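Per my numbering, the sequence shown starts with residue 72, numbered consecutively. From the three backbone atoms N, C-alpha and C, an ideal C-beta is built for every residue, glycine too. As the structure is a prediction and not an experimental result, all values here were calculated from the model.
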Amino acid sequence: MSTLVRKYDIKRIDVNSQNVQAKRFYLKSNFKIDSEDPVDGFGKPYPITHLIRSI
């Protein structure tokens with residue numbers, strides 16, 4: 072798992088769903104998909120995956 076995730080005890084993270092490498096990295100780092108949105112926080116058409124760290 073990433074040093075930053077451990078150091079700062081990150082439990083939730085959002086990634087652009089189209090960023091397959093980032094999504095794969097977090098899924099391999101004990102995160103699981105919590106939910107997905109078809110647009111970002113500004114209403115732009117960038118799908119966002121919300122991940123939560125599994126304990």
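Check                                                                                                                          : Outcome
Do you know offhand how far S125's Cα is from K103's?                                                                          : 7 Å
Could you give the first and the last residue of the continuous alpha helix (DSSP H) run that contains V110?                   : No alpha helix (DSSP H) holds V110; DSSP gives it neither H nor E.
By Cβ distance, which residues of its chain are closer than 7 Å to Y97, with the 5 residues on each side in sequence left out? : I84, V86, L122
In whole angstroms, give me the CA-to-CA distance for E107 and F113.                                                           : 15 Å
For K82, name the three-state secondary structure that DSSP assigns.                                                           : coil
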